[in-house]
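Below you'll find the structure, written out as structure tokens, and then a few comments.
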Amino acid sequence: MKSNVVFWLAAALLTLAMFQDKRWKAMEVLDSDPGGYYVYLPSAFIYGDLGRPDSLSALRQLYRPAEAPAEIGLKPLPGKRFMSKYTLGKALADLPWFLGAHAWAGASTKYKADGFSRPYQQIIMIAGLFHGILGLWILRKLLRRYYDDGTTAWALAGIGLGTNLFCYASYDANMAHAVLFLWQAALLYCSARWYETGRPGFAAGIGLFLGLAILTRPSEAMYGLVPLTWGLTLAAPVLRQRARWWWERRGQLLLAAVLLLAVCSLQMLFWHAVSGHWVVYSYTGEKFDFLHPHLVEGLISFRKGWWLYTPMALLSLGGLWWLRRDVPAAWLMVLLMVPVAIYVTFSWRTWTYGGSFSCRPLVSLYPVLALPLASLLAHARWRRTLRTVVVTFILLNIWQSWQYAASVLHWDGMTRDMYFRNFFRRKF
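Laid out in structure tokens, this is it:
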């Protein structure tokens, strides 16, 4: 099957990209944001105090960590305690991998079982790679329900190799975005299958995966629109039918809600354990400004424009017309989810999101965009030309992802002049 070949090709290229990268130097994997996601694990399982993630400061001379705790997002608390400003969803996803690395380091005479030696850094990268590949596998399962194998293959290639998911499942696999892609692909799949079958397992999946996404990044709560609007139209009879559907399965909805709240409550339990408060706003000085979104800069600027650096995302929107015929249940959901995700993402005051390639928070949106992309590929009149465009965008994305990893594309300071001057450059 063509889609199976494309899946394994994408998995192989992602693996090759990750292992040829230079980011195995001490503390380069676990610095900055990834360090903030990760410190929950050594704090809990090695140093025995959730309120002391700054324990890694004792390892500075050995591993060259950040100069100050704030570099990995540590927030000081009264009583010489600290907490990570990042929520613990990424750490929860990495937990089995961490335990494997801890067993490896503990049995080794070469590495220290301190949470930061090479086994831990390697396993966090491999975990991100695995999450990205598993997300693509789930996405393939979803697409095959609505499209033929050839169309699925092209759409899967477009998402897996032609977007910045490629970067965040390989070069920057230590970030949270590959696992968010996995959670959102699973949420979309469970939503579609629940409305098709009414089975409680899929309802449970909706609650579980939405909860995990929110626990990883609280703004992912907006993806609750996926299960809420799948299969809806604005016609009154359809709305009444949906209300009856939910009422007849109110026990399943309760199950989904309980799972969602149980997962999200893990963060509240942590906050209370380390600070004495059930809710803590840890992003001090950072917030949304919904009255002044950075839409133009966020979409098309040379500094970090999503459509400029990931044109596949813009191309996918060309399939909205045909999506209404191919997957009518998804049409309103996509029509609502895309502008909401764009608006919320670029309403964050720091709309560039620090060191990143393209717009990293919108990696979560790619399972949704895969549907209109597949419809475009299935119905566009000039199919050969369109496939040439897709291949071109894939090559551009792989090239620029490599340039970003090699620091040819600046992590936050790109300009029009730098973009064109460095377009074919291979070295910093």
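Note that the numbering used here has the sequence shown beginning at 892, numbered continuously upward. Every residue gets a Cβ at the ideal spot worked out from N, C-alpha and C, and that includes glycine. From a predicted model like this one, the values you see are computed outputs, not experimental measurements.
The bridge partners DSSP lists for Pro967 are Phe973. A straight line joining the alpha-carbon of Ala984 with that of Trp1162 spans about 19 Å. For Ile1097, the CB contacts under 7 Å within the same chain, skipping 5 residues up- and downstream, are Leu1078, Cys1081, Ser1082, Trp1085, Pro1118, Ala1147 in chain order. Apart from the 5 residues on each side of it in sequence, Asp1040 sits with its Cβ closer than 6 Å to the Cβ of Met892, Lys893, Ser894 in its chain, given in chain order.
Taken through DSSP and simplified to helix, strand or coil, Trp1302 comes out as coil.
Thr1042 counts as buried, since at least 16 other C-beta atoms from the protein chains shown sit within 10 angstroms of its C-beta.
With a 10 Å radius around the Cβ and a threshold of 16 neighbouring Cβ atoms, Tyr1172 comes out exposed. Membership of Tyr928 in the alpha helix (DSSP H) is indicated by the continuous run 923-929. When beta bridges are read from the DSSP output, Trp1239 appears opposite Phe1179. Ile1029 and Pro1109 have their C-alpha atoms spaced approximately 23 Å apart.
Of the residues Leu968, Ile963, Asp940, the one whose Cα lies closest to the Cα of Gly1167 is Leu968.
Less than 9 Å separates the beta-carbon of Tyr1114 from that of Gln1075.
One alpha carbon belongs to Asp1005, the other to Gly1023, and they sit about 27 Å apart. Taking each of Ser1061, Thr1306, Gln1291 in turn and checking the Cα distance to Arg1316, the smallest one comes out for Gln1291. In this structure, Phe1181 is the residue among Phe1181, Thr1279, Gly1051 with its C-alpha nearest to the C-alpha of Phe1237. CA-CA distance, Leu1160 to Ala1153, rounds to 10 Å. Exclusion of the five residues before and after Gly997 leaves Ala1004 as the residues of its chain whose Cβ lies within less than 6 Å of its Cβ.
Pairing Gly1019 with Thr1107 gives a Cβ-Cβ distance that is not under 9 Å. Inclusion of Tyr931 and Leu941 in the CB contact set at 9 Å is warranted, their separation being smaller than that value. Per DSSP, reduced to three states, the secondary structure at Cys1081 is helical. By the C-beta criterion, the stretch 1225-1240 is judged not to be in contact with the stretch 1010-1017, since fewer than 3 inter-stretch pairs fall below 8 Å. In this structure, the beta-carbon distance from Val1281 to Trp988 does not fall below 9 Å. By alpha-carbon distance to Leu1116, the top candidate from Leu1226, Leu1253, Arg1131 is Leu1226. Straight-line measurement puts the Cα of Ala1095 at about 28 Å from the Cα of Tyr1059. Residue Tyr1244 holds the alpha-carbon nearest to the alpha-carbon of Phe1179 among Tyr1244, Ile1050, Met1309. Counting only runs that start and end inside the stretch 1041-1097, the alpha helix (DSSP H) elements of at least 4 residues fall at 1056-1059, 1068-1088.
Runs of the alpha helix (DSSP H) lying entirely within the stretch 1192-1242 and spanning at least 4 residues, in chain order: 1197-1200, 1202-1207, 1211-1217, 1219-1236. When DSSP states are grouped into helix, strand and coil, Tyr1310 belongs to the helix group. Secondary structure of Ile1289 (DSSP, three-state): helix.
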